[in-house]
Each structure stands twice: as C-alpha cells, then as structure tokens.
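Asker: Pasting a structure below so you can have a look.
Number of protein chains: 2
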Amino acid sequence: MTANTPRPTLQSIARQLGLHVSTVSRVLNGPEGEGARAASGETGERIRRLAAELGYRPNPHATSLRTQRSNLIGVMVPRLSDVVLATIYEGIEEAAAELRLSTFVTNTWDRPETQRARTQMILDRRVDGLVFGDAHADGRLLDEVAARGTKFVLVNRRAGDYPAVTCDDYLGGRLVADHLLGLGHENVAVIAGPPYASTGLDRAAGFADRYREAGIALPAERIVPSGFDTAGGRAAAQRLLSAPARPTALFAVNDFTAIGAAGAARDHGLRMGEDIAIAGFNDIPLAAELPVPLTSVRSDMHEMGRRAARLLAGIIAGEGPVTSERLAPTLVVRSSTCRPPDSPT
Amino acid sequence: MTANTPRPTLQSIARQLGLHVSTVSRVLNGPEGEGARAASGETGERIRRLAAELGYRPNPHATSLRTQRSNLIGVMVPRLSDVVLATIYEGIEEAAAELRLSTFVTNTWDRPETQRARTQMILDRRVDGLVFGDAHADGRLLDEVAARGTKFVLVNRRAGDYPAVTCDDYLGGRLVADHLLGLGHENVAVIAGPPYASTGLDRAAGFADRYREAGIALPAERIVPSGFDTAGGRAAAQRLLSAPARPTALFAVNDFTAIGAAGAARDHGLRMGEDIAIAGFNDIPLAAELPVPLTSVRSDMHEMGRRAARLLAGIIAGEGPVTSERLAPTLVVRSSTCRPPDSPT
DNA sequence: CTGAAAGCGCTTACAG
DNA sequence: CTGAAAGCGCTTACAG
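See the structure below:
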C-alpha cells in the first residue's frame with residue numbers, strides 16, 4: 001500500500017468486481033452466519049481475495065455511525081505513572097484488544113472536577129462503556145453517570161453497589177494482621193491511605209477487625225490517613241513514630257506508602273526488619289528488590305484489569321446478571337516484618 | 001440528560017428551531033470566522049442556547065467520516081507499567097487533550113511482531129498520526145510506516161532521521177562520566193541496556209567517550225548489554241563484579257537496572273555508596289527514596305511527552321519544517337556515588 | 001445468493 | 001446570513 005493509493009472501500013471493491021456494495025459488505029463484514037454462507041459461493045472467494053490483495057480495512061467511523069456502536073471504551077485512572085494502575089490498565093487493554101475493543105485512558109488525579117470533565121470528554125467520544133479505576137467512596141459522579149444510562153464497571157476500588165472487580169482488600173488486611181499477631185506484635189498502627197478510596201478503607205478495616213478479634217482494639221489515632229505516595233507514607237509514619245508508646249509494627253495499605261514509612265523509620269534510627277516491622281500492599285515488583293525486601297499482600301492487578309474489561313464487555317453486550325468479582329489476595333512474607341524488638345526468642 | 005432522551009443532533013436542533021441543519025452546523029461547529037459572524041445574529045444566539053440546554057455534543061464519528069480527520073493519535077510503548085514510559089505518556093495525553101486530540105496507547109513489549117500487529121490495529125482505527133515510544137535502532141518498521149505516508153514522531157528513543165523528541169542521552173552519559181572521574185574512579189563499567197534502544201546506546205557512548213578523552217579507554221567487556229529491568233541489571237552487575245579487577249563504579253543506563261545492580265553488589269558484600277559507586281538514569285521518583293539514595297540523570301519525561309504530542313500535531317497540521325528536539329538532562333548527585341574505596345581522602 | 005435503497009450525523013461548496 | 005444538496009463509508013431490512 002503506497003502513500004498515493006487511496007484506501008480501498010467497500011464501494012471501490014464492489015465497483016472493481018461489478019458487484020453491489022451490500023454484497024461486499026455482507027461477505028467482508030457481515031455476521032458470522034451470512035458470511036459463512038456467502039463463503040461457499042465463488043463470488044465470496046473473489047471478494048475476499050481482492051480485499052486481501054488491496055489490504056481492505058473497514059472504516060470504524062462509518063461503522064460506528066451506522067451501528068451506533070463504537071467498540072470503544074474509556075478508562076479513568078488516578079494516575080498512570082502509579083505502577084498499580086498502569087498494571088491494571090495493561091490488563092484492561094489486553095483483554096479489550098482480544099474482544100476487539102479499543103481503549104482511551106486518562107488521568108483524573110482523584111480530583112472530582114477533573115474526573116467529571118474527563119468523563120464528559122470520554123463520553124463525547126461516544127464510547128460504549130467506561131471503566132472507573134478512580135471511584136470515590138461517595139459515588140456521586142457514578143450516580144450521575146448511571147443516571148444517564150451509561151454502562152460502566154469499577155476496578156480496583158468499589159463504590160455503592162456498582163459492578164466492580166476488586167481485590168478482597170478486607171481479607172488482605174486480615175492476612176497482614178494474622179501475620180503480625182503471629183509474630184507477637186500487640187502495639188501496631190495502620191497508614192490507611194486517603195479516606196475516599198475503598199482499597200485503603202477496606203484494608204484498614206480488615207486489619208483492625210482481626211486485631212479486635214484477638215482482643216486488641218486499635219485506638220483511632222493508630223489508624224492515620226495518608227496519601228498513596230511515599231511522601232504520604234513518610235509523613236504518616238513520622239507522626240506515628242514520634243508518639244509516646246511507639247508501635248512495633250506498621251501496616252501501610254500500599255507499597256509506596258510503606259517505602260515512605262521505611263524512610264521515616266530510618267530517620268528515627270530504626271532499621272526496618274530489625275527494630276520495626278513494616279508491611280505493605282500490592283507487592284509491586286520493586287518490593288522484592290529493596291535492600292530489606294518488603295512483606296506485602298499480592299493481588300493480581302493484571303488479571304483484575306482483564307476481568308474488568310470482560311465484565312464491561314458483558315454489560316455492553318447485555319448479557320445476563322452482572323456480578324462483582326473479588327480476587328483473593330495472598331500474603332508474601334519477606335524480611336521487613338520481624339518480631340517485636342523486645343520479644344523473647 | 002436522562003437515559004431515555006435520545007441525544008440531540010444538528011438535525012434535531014434545526015428542526016426544533018425551524019432552521020436548516022447547515023445553519024446550525026455553521027454556528028455550532030463551524031470555523032472560527034463563520035462562527036463569529038454567525039454569532040452576531042440573533043439566530044446564532046437561539047441555536048447556541050438550545051444546544052447548551054440540550055447538552056448537544058457533536059458526534060465525532062460523523063465528523064471524522066465527513067472530514068477524513070479523526071483527531072485521534074496512537075501511542076506505542078514497550079510497556080506502560082514502566083514508570084518512565086507511563087510518565088512520558090502522561091505528558092503526551094495531557095498535551096493531546098489540550099489540542100483536542102484523543103489518544104490510544106498500547107504495549108508492544110519491544111517485540112517486532114507485536115509492534116507490527118499493534119501498529120496495524122491502531123492504523124485500522126484511522127488515527128491521524130502516531131507516537132512511537134518503542135523505536136528500534138534498525139528502524140525497519142518505521143520505514144514501512146513512513147512508506148505508507150503515515151505521520152508519526154518518535155519519543156524517548158530516536159532512530160534514523162525520523163522526527164524525535166528525546167533526552168540528550170549522549171550528554172547525560174558524559175555527565176555521569178564527568179562525575180565519576182571527578183571522584184577518582186578509573187576502573188568503571190557500564191550496564192548498557194538492550195542493543196536496539198538508542199537511549200542505552202547513546203548514554204553508554206557519551207560515557208565511554210568522556211572517559212576516552214580523559215585517557216581511559218573502556219575495554220569492550222566493561223560495556224555489557226542488559227535488559228531494562230532490575231533482573232537485567234542484577235545479572236549484568238553479577239558478571240562485572242565477579243571479574244578479576246572489579247570495577248569501583250558502575251553506570252547503569254536506567255534506574256531499575258541500577259537498583260538491580262545494587263542488589264548484586266549486596267550479594268557480593270559491597271555496600272553501595274561506600275564500597276562501590278552506582279549511578280542510574282531517569283531519576284524516577286523512587287531514586288531519592290531508596291535507603292541509599294541513587295545518583296541519577298534527570299530528564300523531564302513529562303515534558304518530553306508533551307513536546308512529542310505537539311510536534312506530531314504540527315506535522316498533522318502540515319506546519320513548516322519538522323525538527324527533532326533534544327532535552328538537556330541534569331545530573332542529580334546523591335549518596336550512591338562515593339569515591340573509590342582505596343582513594344586518598 | 002445478490003441488488004437497491006435508506007440513513008447514521010456531520011461538513012462544505014454552491015446558490016440566493 | 002441561510003438553505004438545499006451531495007457525500008463521507010458503512011449496515012440492514014426488504015425484495016427478488
């Protein structure tokens with residue numbers, strides 16, 4: 001295909017073959033049934049041969065205009081340079097491509113105005129559906145989007161009763177609590193992430209519930225909100241480690257927060273994995289590569305993305321009842337979580 | 001806008017106002033000049049008012065079909081879960097949105113077959129242009145794409161004479177060499193990345209040239225290829241540190257590779273920043289957060305992405321001569337680069 | 001199995 | 001300043 005040759009169209013192919021455009025359409029892009037039948041005919045063979053020779057590719061804008069289906073989906077994420085979201089998006093994009101869906105992805109920075117503006121921008125592109133990876137617990141924007149009849153699913157974070165594919169964050173929090181309890185930690189704290197994200201909320205809740213079941217109630221000041229980045233983790237840990245009865249173990253609801261917390265611990269002269277235990281969440285690839293490898297909860301983010309794409313595709317296709325999915329996490333124990341310093345060996 | 005109301009179209013607006021669709025089109029979506037003139041008329045006011053009230057949004061598929069312009073661009077990256085590429089993409093997406101362009105982004109894993117297949121998939125979507133963030137030095141695929149008359153730019157990696165926005169990687173390599181020479185390192189090695197990426201090649205070349213100018217020629221076995229991830233850095237460093245006259249400093253052409261190298265150093269009982277100097281490239285956010293903060297070359301990846309988007313937009317618009325851009329890097333010195341262990345203080 | 005027709009929602013050169 | 005017409009490239013119900 002050289003630069004000057006105009007792209008072939010159904011029309012141009014029909015003309016060259018002395019056929020009608022509708023015939024060519026049915027053979028090349030028609031539904032399976034018809035295409036298959038047409039396949040038998042010798043005409044079908046001629047059409048297919050010429051189309052292949054010319055490198056015919058249907059014009060998706062024409063198809064979308066005609067069918068009112070764009071085969072496009074939009075994906076909203078807080079920020080793609082966060083490896084957690086990037087990995088989820090990779091899963092979405094991969095599964096979407098398998099389903100012949102193309103994706104637009106955009107950052108919303110977790111800011112409501114940006115979320116609203118970018119959602120509108122994506123809807124203006126006439127996507128068939130949306131994946132929200134930035135849902136806020138209040139669900140206000142989602143309510144509006146749902147009211148318009150727009151199809152969507154949530155991924156990573158849940159909100160209300162909207163269909164969502166998430167990690168079982170509550171269970172993940174419990175797993176960490178189990179582990180720290182087993183090591184003998186009774187004086188612990190949680191760096192809980194921002195208050196609008198179900199991930200942090202559920203992880204913290206699972207952790208606190210498990211401790212409560214063990215007879216240890218975490219006081220409110222031991223569950224501190226934070227950003228999801230290293231700076232947030234550092235600041236939160238700084239506060240916790242300056243308190244009177246310093247905790248012997250920290251559960252950060254995200255690995256970056258945990259890395260920031262490790263920095264704060266260092267500033268306090270504490271060695272992670274020896275003087276203080278720190279656990280994170282997500283098991284990002286770097287967790288295992290740190291000088292003191294980080295104990296973390298592994299969730300299959302790529303698979304989460306794949307499932308979200310498929311769930312959305314099902315909804316778009318109008319398939320049966322929609323049920324949210326919750327992936328089981330596993331705890332990966334590494335050397336960052338030691339026993340309490342004064343514990344008997 | 002409720003679920004059951006059909007979306008307004010130019011037609012529906014024209015009908016409600018007793019006007020012709022072409023009039024409405026000119027007022028709502030027409031070129032600046034006409035729109036402005038139409039603005040004065042009282043009719044224009046009525047049209048605009050109703051459109052706003054109904055929440056009219058032009059159907060981009062219809063517009064694209066008619067104008068043969070999709071306002072869509074495609075972005076090819078090795079993998080989005082690499083924070084370097086994710087950050088570049090954020091810049092592309094941000095600038096593209098400002099230019100009213102929407103972007104498709106896809107992973108190609110640096111595999112030629114995938115690159116080819118995904119490029120075709122993106123072109124099938126009738127994008128107006130492409131940004132390649134995964135160019136291979138041989139430029140084979142790019143030659144094919146160029147031969148079709150497709151418009152594109154490269155970002156991060158350059159190839160042939162195709163328009164590209166890159167970091168001045170050669171200069172970056174020189175900066176690191178300057179720094180290590182200043183510290184007194186004469187026995188050094190480079191972990192150079194894969195042989196198909198201009199980034200690693202140029203960084204290694206700048207480094208080696210600067211050392212040569214200082215009278216120190218790096219033997220070939222001191223410039224070892226690697227992957228761009230921690231595993232690759234670890235393996236390469238493992239080899240280098242097992243050699244007879246062990247280098248006192250390592251330049252890894254990427255921060256992940258440097259982190260992997262630090263792991264290998266630890267395995268050899270070497271403390272980074274005390275027994276061995278290690279420098280990276282890109283200054284990813286984590287570099288400053290490591291227990292031993294990493295010396296690295298900073299390149300403004302977000303800005304690189306923004307410029308690539310604008311360069312492509314210029315090419316699509318058919319504006320003047322196209323010139324590649326090369327952003328100046330800066331060296332960020334941190335504690336990972338110490339003097340050679342046996343150097344006089 | 002193939003053809004003819006209508007129409008998805010827009011833009012734009014041509015009249016008036 | 002506004003209208004009428006043509007057409008971008010497809011799909012699909014209706015005939016034959």
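Chains as they are written, first to last, in the UniProt record's numbering: chain A, 1 to 345; chain B, 1 to 345. By construction, the Cβ of each residue, glycine as well, lies at the ideal position given by its N, Cα and C atoms. Here the structure is a predicted model, which is why all the values come from computation and not from measurement.
Out of curiosity, what's the CA-to-CA distance linking Gly35 of chain B and Ala317 of chain B?
Answerer: Caution is warranted here: a pLDDT of 49 is assigned to Gly35 of chain B, below 50, making its placement in the model unreliable, and no coordinate value can be reported.
Asker: With DSSP run on the structure shown, which of helix, strand or coil describes Val27 of chain A?
Answerer: Residue state, collapsed to three classes: helix.
Asker: Looking at chain B, is there any beta carbon in it that lies within less than 7 Å of the beta carbon of Ala86 of chain A?
Answerer: Closer than 7 Å: yes.
Asker: Out of curiosity, what's the CA-to-CA distance linking Ala252 of chain A and Leu10 of chain A?
Answerer: Taking the straight line from one Cα to the other gives about 58 Å.
Asker: For Pro78 of chain A, go through chain B and note every residue whose CB falls closer than 9 Å to its CB, in chain order.
Answerer: Going along chain B, no residue has its Cβ under 9 Å from Pro78 of chain A, so there is no contact; the nearest lies around 11 Å.
Asker: Going along the chain, which residues of its own chain have a beta-carbon closer than 6 Å to the beta-carbon of Thr330 of chain B, five neighbours each way excluded?
Answerer: Taken in chain order, the residues that qualify are Arg298.
Asker: Under DSSP, the alpha helix (DSSP H) around Thr106 of chain B begins and ends at which residues?
Answerer: No alpha helix (DSSP H) contains Thr106 of chain B, which is instead part of the beta strand (DSSP E) from Ser102 to Asn107.
Asker: By DSSP, does Glu325 of chain A sit in helix, in strand, or in coil?
Answerer: Three-state DSSP puts Glu325 of chain A in a strand.
Asker: Sorted by chain position, which residues of the same chain lie with C-beta nearer than 6 Å to Ser64 of chain B's C-beta, five sequence neighbours on each side aside?
Answerer: For Ser64 of chain B, where only same-chain residues beyond five positions count, the Cβ hits under 6 Å are Ser70.
Asker: Just the chain A side, please: which residues come within less than 8 Å of Gly260 of chain B by C-beta, in chain order?
Answerer: The contacting residues are Glu289.
Asker: Report yes if the CB atom of Val27 of chain A is closer than 7 Å to the CB atom of Val75 of chain A, and no otherwise.
Answerer: In this structure, Val75 of chain A does not lie closer than 7 Å to Val27 of chain A by Cβ.
Asker: What is the DSSP secondary structure of Ala245 of chain B, counted as helix, strand or coil?
Answerer: Residue state, collapsed to three classes: coil.
Asker: Give me the Cα-Cα distance between Glu319 of chain B and Leu250 of chain B, rounded to the nearest whole angstrom.
Answerer: Roughly 44 Å separates the two Cα atoms.
Asker: Quick check on the burial criterion: 16 or more other C-beta atoms within 10 angstroms. Buried or exposed for Val322 of chain B?
Answerer: Its Cβ having fewer than 16 others within 10 Å, Val322 of chain B is exposed.
Asker: Would you mind telling me which residues of chain B sit closer than 9 Å to Glu90 of chain A, beta carbon to beta carbon, in chain order?
Answerer: Within chain B, the residues near Glu90 of chain A are Arg79, Leu80, Ser81 and Asn107.
Asker: Assign Ala258 of chain A to buried or exposed, taking buried as 16 or more other Cβ atoms, counted over all protein chains shown, within 10 Å of its Cβ.
Answerer: By the 10 Å Cβ count, Ala258 of chain A comes out buried.
Asker: Output needed in chain order: residues of the region 274–305 of chain B with a Cβ under 8 Å from some Cβ in chain A.
Answerer: So the list reads Pro285, Leu286, Glu289, Leu290, Pro291 and Val292, given in the order they occur along the chain.
Asker: Is any beta-carbon of chain B found at less than 7 Å from that of Ser226 of chain A?
Answerer: No - not a single Cβ of chain B is within 7 Å of the one on Ser226 of chain A.
Asker: Let me see if you follow: with CB-CB separation under 7 Å, is Asp124 of chain A close to chain B or not?
Answerer: So yes, Asp124 of chain A belongs to the interface.
Asker: Among B:Asp255, B:Gly233 and B:Asn282, which one has its Cα closest to the Cα of Leu327 of chain B?
Answerer: For Leu327 of chain B, the nearest C-alpha among the options comes from B:Asn282.
Asker: Taking 8 Å as the limit between beta carbons, can you name the residues of its chain near Lys151 of chain A, skipping five residues before and five after?
Answerer: Closer than 8 Å at the Cβ level, and outside the excluded window around Lys151 of chain A, lie Asp128, Gly129, Leu130, Leu312, Ile315 and Ile316.
Asker: Less than 7 Å between the beta carbons of Val83 of chain A and Arg307 of chain A, yes or no?
Answerer: No.
Asker: With DSSP collapsed to three states, give me the class of Arg339 of chain B.
Answerer: Note: Arg339 of chain B maps to coil in three-state DSSP.
Asker: Anyone know if the C-beta pair for Tyr196 of chain B and His136 of chain B falls short of 7 Å?
Answerer: Yes, the pair counts as a contact, with Cβ atoms nearer than the cut-off.
Asker: Are any of the Cβ atoms in chain A nearer than 7 Å to that of Gly263 of chain B?
Answerer: Chain A contact via Cβ: present.
Asker: Should Thr67 of chain B go down as buried or exposed, given a rule of 16 or more other Cβ atoms within 10 Å for buried?
Answerer: With fewer than 16 Cβ atoms within 10 Å of its Cβ, Thr67 of chain B is classed as exposed.
Asker: The region 61–77 of chain A: which residues have C-beta closer than 8 Å to a C-beta of chain B, in chain order?
Answerer: Taking 8 Å as the Cβ-Cβ cut-off against chain B, the residues of the region 61–77 of chain A that qualify are His61, Ala62, Ser64, Leu65 and Ser70.
Asker: For Thr295 of chain A, which residues of its own chain have a beta-carbon under 6 Å away from its beta-carbon, when the five flanking residues on both sides are left out?
Answerer: Hits under 6 Å: Ala279, Val333, Arg334, Ser336 and Thr337.
Asker: With 7 Å as the C-beta to C-beta threshold (strictly closer), list the residues of the region 181–212 of chain A near chain B in chain order.
Answerer: Those would be none; no residue qualifies.
Asker: Does Phe132 of chain A come within less than 7 Å of chain B when only Cβ atoms are used?
Answerer: Output row for Phe132 of chain A: interface = no.
Asker: Evaluate contact between the region 267–276 of chain A and the region 205–223 of chain A, counting only Cβ atoms and requiring at least three cross-stretch pairs below 8 Å.
Answerer: With the cut-off at 8 Å, the region 267–276 of chain A and the region 205–223 of chain A do not touch.
Asker: Report the CB separation of Asn107 of chain B from Glu93 of chain A in whole angstroms; it is logged as a contact under 8 Å.
Answerer: At roughly 7 Å, the Cβ-Cβ gap stays under 8 Å, so Asn107 of chain B and Glu93 of chain A are in contact.
Asker: Quick check: the Cα distance between Gly160 of chain B and Arg339 of chain A, rounded to an integer number of angstroms?
Answerer: Using only the alpha carbons, I get a separation of about 57 Å.
Asker: Classify Gln120 of chain B: buried if its beta carbon has 16 or more other beta carbons within 10 angstroms, exposed otherwise.
Answerer: By the neighbour-count rule (16 or more Cβ atoms within 10 Å), Gln120 of chain B is not buried but exposed.
Asker: Taking contact to mean 3 or more Cβ pairs, one atom from each stretch, closer than 8 Å, check whether the region 142–150 of chain A and the region 134–149 of chain B are in contact.
Answerer: Touching, no.
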